[in-house]
Amino acid sequence: YREDTYQVVKHMKISGSLDKGTPNMEKWNKRVKEEMDDWVALYRRQDLVVGRQSYYQLYSAVNALASHYTSYGPKFPFPSKRRARFYELINTTEKYLEKGK
(Lines of atoms letter the chains of each structure in order from A and count residues from 1; the text may use other names and numbers.)
(Lines give C-alpha, C1' and ligand atoms only; values in the text may rest on other atoms or scores of the structure.)
Protein backbone atom coordinates (compact mmCIF):
# COMPACT_ATOMS: atom_id res chain seq x y z
CA TYR A 1 0.00 0.00 0.00
CA ARG A 2 2.71 2.44 1.02
CA GLU A 3 4.76 2.16 -2.19
CA ASP A 4 1.68 2.36 -4.41
CA THR A 5 0.43 5.39 -2.54
CA TYR A 6 3.77 7.21 -2.74
CA GLN A 7 3.84 6.56 -6.49
CA VAL A 8 0.33 7.94 -6.99
CA VAL A 9 1.09 10.96 -4.80
CA LYS A 10 4.27 11.71 -6.76
CA HIS A 11 2.45 11.60 -10.09
CA MET A 12 -0.52 13.60 -8.79
CA LYS A 13 1.84 16.33 -7.58
CA ILE A 14 3.32 16.62 -11.05
CA SER A 15 -0.08 16.58 -12.71
CA GLY A 16 -1.47 19.25 -10.39
CA SER A 17 1.47 21.54 -11.13
CA LEU A 18 1.32 21.46 -14.93
CA ASP A 19 0.50 24.77 -16.58
CA LYS A 20 -1.23 25.55 -19.85
CA GLY A 21 0.96 24.75 -22.82
CA THR A 22 3.02 22.06 -21.06
CA PRO A 23 4.14 19.49 -23.67
CA ASN A 24 2.42 16.10 -23.39
CA MET A 25 0.11 17.36 -20.62
CA GLU A 26 -2.93 15.56 -22.02
CA LYS A 27 -1.08 12.23 -22.27
CA TRP A 28 0.39 12.62 -18.77
CA ASN A 29 -2.96 13.56 -17.21
CA LYS A 30 -4.71 10.61 -18.83
CA ARG A 31 -2.06 8.31 -17.39
CA VAL A 32 -2.40 9.85 -13.92
CA LYS A 33 -6.21 9.53 -14.09
CA GLU A 34 -5.89 5.82 -14.89
CA GLU A 35 -3.37 5.41 -12.08
CA MET A 36 -5.69 7.12 -9.60
CA ASP A 37 -8.62 4.97 -10.74
CA ASP A 38 -6.52 1.82 -10.34
CA TRP A 39 -5.38 2.88 -6.85
CA VAL A 40 -8.95 3.54 -5.70
CA ALA A 41 -10.21 0.28 -7.23
CA LEU A 42 -7.45 -1.72 -5.55
CA TYR A 43 -7.65 -0.27 -2.04
CA ARG A 44 -11.32 0.71 -1.70
CA ARG A 45 -12.34 -2.79 -0.64
CA GLN A 46 -9.48 -3.47 1.77
CA ASP A 47 -10.70 -2.84 5.30
CA LEU A 48 -7.20 -2.53 6.72
CA VAL A 49 -6.40 0.26 4.28
CA VAL A 50 -9.72 2.11 4.26
CA GLY A 51 -9.39 2.86 7.96
CA ARG A 52 -6.07 4.66 7.51
CA GLN A 53 -5.89 8.43 7.66
CA SER A 54 -3.57 8.51 4.66
CA TYR A 55 -6.23 6.71 2.60
CA TYR A 56 -8.90 9.30 3.37
CA GLN A 57 -6.60 12.23 2.66
CA LEU A 58 -5.45 10.84 -0.67
CA TYR A 59 -8.98 9.76 -1.59
CA SER A 60 -10.08 13.40 -1.18
CA ALA A 61 -7.18 14.60 -3.34
CA VAL A 62 -8.00 11.96 -5.97
CA ASN A 63 -11.61 13.16 -6.04
CA ALA A 64 -10.51 16.77 -6.55
CA LEU A 65 -8.18 15.97 -9.44
CA ALA A 66 -10.43 13.34 -11.03
CA SER A 67 -13.46 15.63 -10.93
CA HIS A 68 -11.42 18.30 -12.73
CA TYR A 69 -10.48 15.81 -15.47
CA THR A 70 -14.09 14.65 -15.75
CA SER A 71 -15.43 18.19 -16.04
CA TYR A 72 -12.74 19.84 -18.15
CA GLY A 73 -10.73 17.00 -19.65
CA PRO A 74 -7.01 16.21 -19.41
CA LYS A 75 -6.02 19.05 -21.77
CA PHE A 76 -6.69 21.76 -19.20
CA PRO A 77 -4.44 22.43 -16.21
CA PHE A 78 -5.69 22.03 -12.65
CA PRO A 79 -6.93 25.48 -11.53
CA SER A 80 -4.57 27.49 -9.37
CA LYS A 81 -7.48 28.43 -7.05
CA ARG A 82 -7.83 24.78 -6.03
CA ARG A 83 -4.13 23.94 -5.87
CA ALA A 84 -3.57 25.11 -2.29
CA ARG A 85 -6.20 22.74 -0.89
CA PHE A 86 -5.07 19.95 -3.22
CA TYR A 87 -1.44 20.20 -2.07
CA GLU A 88 -2.55 20.42 1.54
CA LEU A 89 -4.29 17.05 1.13
CA ILE A 90 -1.27 15.59 -0.66
CA ASN A 91 1.19 16.82 1.99
CA THR A 92 -1.00 15.52 4.81
CA THR A 93 -1.14 12.14 3.05
CA GLU A 94 2.65 12.01 2.95
CA LYS A 95 2.90 12.89 6.64
CA TYR A 96 0.48 10.12 7.57
CA LEU A 97 2.37 7.64 5.39
CA GLU A 98 5.64 8.52 7.13
CA LYS A 99 3.96 7.85 10.47
CA GLY A 100 2.51 4.56 9.18
CA LYS A 101 -1.07 5.76 9.42
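Each residue of the sequence shown is one higher than the one before, starting from 6 at the first, in the numbering used here. Each residue gets a CB set at the ideal place from its N, CA and C atoms; glycine is no exception.
Go ahead and pull the three-state DSSP assignment for residue i.
i    : result
F91  : helix
L3   : Outside the modelled stretch of the chain, which goes from 6 to 106, sits residue 3, for which no answer is possible.
K80  : coil
Y101 : helix
Y64  : helix
K15  : helix
Relative to the C-alpha of residue i, which candidate in the options has its C-alpha closest?
i   : options                : result
N34 : P79, S85 and T97       : P79
M41 : E103, K32, H16 and N29 : H16
S85 : S72, K38, L23 and R36  : L23
For residue i, is the classification buried or exposed, using 16 other Cβ atoms within 10 angstroms of its Cβ as the cut-off for buried?
i    : result
R7   : exposed
Q62  : buried
L94  : buried
L102 : buried
K104 : exposed
Y77  : exposed
Since I believe residue j is in contact with residue i (beta carbons under 8 Å), could you give me their beta-carbon distance rounded to a whole number of angstroms?
i   : j   : result
R87 : A69 : 6 Å
T27 : A66 : In fact, because the Cβ distance is near 20 Å, the residues do not count as touching under 8 Å.
Note the first and the last residue of the continuous alpha helix (DSSP H) segment covering residue i.
i   : result
N34 : M30 to Y48
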